[in-house]
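Q: Quick one: the structure is below, and I'll ask about it shortly.
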């Protein structure tokens, strides 16, 4: 039981002035934490530039070829990471994305080939991509139903789907890769306009649309609310089950598009297309400033996170470093990133306890 | 004041859970501008009572009337639409959203950007938040900050602000001061007084007799599921209320 003291209660109804200074410091730390992926990116580029000039006497950052390669390199992990951003902000995780991507790549290859027999090749390509994305939504829908209706924890539900999608993709591919015979598909994967690869263009448009959805629509706003306090969101009348279903369908659409674009880039569908990307995409989201506890994160942060990983991976190859160092470098960046997040959390927590 | 139609009237409400009579023939009346405290020991039926009023439980028997009209609630959502808002002890705020984001959660206003693209109207949300909080005599400088930056009492004010904005006529507050420090408790007491001045009805559960005596007009004491007594606050004493609570 609490009890008040007996002095006359002259209440100051205004906001307590003590908060102001601490507020500013916290805001500054908050901004730095939010921008950390871009700061990492800047620091990395500077390090690689110096390194490149010292060891080769050539530039790293001023070469358009490098940037094209990095951008193409970043496309698939970024697409997965975009879907993962939505899921992680809501407090969940989608482990099945990598193999949903593989499944979609195989379906895109098969369907483009099949449709090519009956319709002009450009339409066959669009048909193949469309069917691949649609097929990808099936495991997404099952994920969403398992998690929202049957209360399966996201980690377990999507881990199960990881296996199911993986097996299905290999079965559909007959255990091998499926080559695509369609020159328009190959052009989508390797052509460019004004020096910008089509793949990068398509991804950029998709990223903008997703940024809009997360930051400007009710769906996005509710996603943040659910991640912070699902109980509060439910009491506010938000249809949480419906939201979660849409969420996992959305992440599978991202994976589906990633798979289709992978098939275009390599003019072949492979079940293992997204296998190494699962960790990369979670890493991109975390480096981009999201918390695995849910409630925070942004698309722009994730873009920076994906670029950080791509720059590390491409840059180390460019600088002729043994490839195993890539894992170490990405791992270190993830850990530093989470440490910054924790520090910020501790700081704001301490302030609340005052 | 008692000649008016009551804002909220609960008549002979019972709620049984199997053989357990959590609430038996309890009645409660709240007039406009009146603060009624619901007191009682743990397990006395306070929570069952507010859950029935806020639409969480359907009563086993008995009636609930709002402004003289019988109502029944299918859900808390339904109760809220009929003007009864419950402020839960654990606050039910999304910490990462702004005050406006919390007030409008689930009902965000939209505008058209560039004439065609629907986007959340954050400016309207911030402006409504500022006005609502000013109505509660609570002046916030940083409307763009997430509510996690605010103290317990300030967050309580945000929860109350949400109810006020959506025009709740009856606010039910479950232990609004329990988790707060002393200055914050006073702040909440001041908030309840301003709700009262606006002619809203407040039902407020508390263990803290100090707070009950500071803001309530009447106190209804429950004991083991029945109304053990009802007193006007200026005609009773701490001792009498405690006796009613523990049975003497």
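Chains as they are written, first to last, in this note's numbering: chain L, 105 to 458; chain R, -2 to 245.
By construction, the Cβ of each residue, glycine as well, lies at the ideal position given by its N, Cα and C atoms.
Predicted, not measured: the structure shown is a model, and the values here were computed from it.
1) Buried or exposed: residue 43(R), going by 16 or more other Cβ atoms within 10 Å of its Cβ?
2) Helix, strand or coil: how does DSSP classify residue 134(R) here?
3) At what residues does the alpha helix (DSSP H) containing residue 118(R) begin and finish?
4) Just mark residue 184(R) as buried or exposed, buried being the case when its beta carbon has 16 or more other beta carbons within 10 Å.
5) Determine the closest residue to residue 32(R) out of 237(R), 240(R), 197(R), with distance taken between C-alpha atoms.
6) Whole angstroms is fine: what's the gap from residue 125(L)'s alpha carbon to residue 440(L)'s?
7) What separation, rounded to the nearest whole angstrom, lies between the Cα atoms of residue 442(L) and residue 393(L)?
8) I want to verify the contact list: residues of chain R whose CB lies under 7 Å from the CB of residue 341(L), in sequence order.
9) Please list the residues of the stretch 301 to 325 of chain L that have a C-beta atom closer than 9 Å to any C-beta atom in chain R, keeping them in chain order.
10) Answer yes if the stretch -2 to 12 of chain R comes into contact with the stretch 59 to 71 of chain R, meaning at least three C-beta pairs across the two stretches below 8 Å, and no otherwise.
11) Run through chain R and tell me which residues come within less than 8 Å of residue 240(L), C-beta to C-beta.
12) Tell me the DSSP secondary structure of residue 205(L) in three-state form.
13) Output yes if chain R places a C-beta closer than 9 Å to the C-beta of residue 194(L); else output no.
14) Any beta carbon of chain B sitting closer than 9 Å to that of residue 67(R)?
15) Within 10 Å of its beta-carbon, does residue 314(L) have 16 or more other beta-carbons around it, so buried, or fewer, so exposed?
16) What are the uninterrupted segments assigned as beta strand (DSSP E) that are 3 or more residues long and contained completely in the stretch 150 to 222 of chain R, given in chain order?
17) Report the residues of the stretch 215 to 245 of chain R with a CB closer than 7 Å to any CB of chain L, ordered along the chain.
18) Indicate whether at least one CB of chain L lies closer than 9 Å to the CB of residue 55(R).
19) Does any C-beta atom of chain R lie closer than 9 Å to the C-beta of residue 400(L)?
20) Anything in chain R within Cβ reach of residue 79(L), meaning under 9 Å, just list it in chain order.
21) Tell me, please, whether the CB atom of residue 29(R) is closer than 9 Å to any CB atom in chain L?
22) Return no unless some Cβ of chain R is closer than 9 Å to the Cβ of residue 328(L).
23) Where residue 38(R) and residue 403(L) are concerned, what is the direct C-alpha to C-alpha distance, given to the nearest angstrom?
24) Name the chain L residues whose beta carbon is nearer than 9 Å to that of residue 98(R)?
25) Is the Cβ-Cβ distance between residue 202(R) and residue 34(R) less than 9 Å?
26) Buried or exposed: which applies to residue 122(R), given that a residue is buried once 16 or more other Cβ atoms fall within 10 Å of its Cβ?
27) Note down the Cα distance separating residue 94(R) from residue 159(L), rounded to an integer number of angstroms.
28) By the three-class DSSP mapping on this structure, what secondary structure does residue 221(L) have?
29) Against residue 117(R), what residues of chain L qualify as contacts under a CB-to-CB distance less than 9 Å, listed in chain order?
30) Please report how far the alpha carbon of residue 146(R) lies from the alpha carbon of residue 181(R), in whole angstroms.
31) With 9 Å as the threshold, decide whether the Cβ of residue 170(R) is near any Cβ in chain L.
32) Hey, does residue 19(R) have any beta-carbon neighbour from chain L nearer than 9 Å?
33) According to DSSP, is residue 173(L) part of a helix, a strand, or is it coil?
34) In whole angstroms, what is the alpha-carbon distance linking residue 155(L) and residue 178(L)?
35) Checking 9 Å against the spacing of the C-beta atoms, do residue 168(R) and residue 78(R) come in under that value?
36) Under a three-way DSSP split, which group does residue 144(R) fall into?
A: By the coordinates alone:
1) Flag for residue 43(R) reads buried.
2) DSSP places residue 134(R) in coil when its eight states are reduced to three.
3) Membership of residue 118(R) in any alpha helix (DSSP H) is not indicated, and neither H nor E is assigned to it by DSSP.
4) Buried is the call here.
5) Selection 237(R), 240(R), 197(R) evaluated against residue 32(R) yields 197(R) as nearest (Cα-Cα).
6) Note that residue 125(L) scores a pLDDT of 49, beneath 50, so its modelled location is shaky; the value from the coordinates is reported in the next line. Rounded to the nearest whole angstrom, the C-alpha separation of residue 125(L) and residue 440(L) is 27 Å.
7) Going by C-alpha positions, residue 442(L) is about 8 Å away from residue 393(L).
8) Around residue 341(L), the beta-carbon contacts reaching into chain R at under 7 Å are 74, 103.
9) Within the stretch 301 to 325 of chain L, the qualifying residues are 316, 319, 320, 321, 322, 324, 325.
10) At 8 Å Cβ cutoff, the stretches touch.
11) For the C-beta of residue 240(L), not a single chain R residue is nearer than 8 Å; the gap to the nearest is close to 27 Å.
12) In this structure, residue 205(L) counts as helix in the three-state DSSP scheme.
13) Output row for residue 194(L): interface = no.
14) As a matter of chain content, chain B is missing from the structure shown, whose protein chains are L and R.
15) Residue 314(L) comes out buried.
16) As summarised for the stretch 150 to 222 of chain R, the continuous beta strand (DSSP E) elements at least 3 residues long and confined to that stretch are 167 to 171, 198 to 202, 215 to 220, given in chain order.
17) Across the stretch 215 to 245 of chain R, no CB contact with chain L closer than 7 Å is found for any residue.
18) So, not an interface residue.
19) It does; some Cβ of chain R falls within 9 Å.
20) With chain L covering only 105 through 458, there is no way to say anything about residue 79(L).
21) It does not: the Cβ of residue 29(R) has no partner Cβ on chain L nearer than 9 Å.
22) Yes - at least one Cβ of chain R is within 9 Å of the one on residue 328(L).
23) Cα to Cα, the separation comes out at about 50 Å.
24) What residue 98(R) touches in chain L: 325, 328, 329.
25) The answer is yes: Cβ separation under 9 Å.
26) Buried, because 16 or more other Cβ atoms sit within 10 Å of the Cβ of residue 122(R).
27) A direct Cα-to-Cα measurement between residue 94(R) and residue 159(L) gives close to 49 Å.
28) Three-state DSSP puts residue 221(L) in coil, outside helix and strand.
29) Those are 319, 320, 321, 322, 324, 325, listed as they occur along chain L.
30) Their Cα atoms are separated by approximately 15 Å.
31) Cβ-Cβ to chain L under 9 Å: no for residue 170(R).
32) Cβ-Cβ to chain L under 9 Å: no for residue 19(R).
33) DSSP places residue 173(L) in helix when its eight states are reduced to three.
34) Cα-Cα distance, rounded: 22 Å.
35) No; because the gap between Cβ atoms is not below 9 Å, this pair is not in contact.
36) In the structure shown, residue 144(R) sits in a helix (DSSP, three-state: H, G or I).
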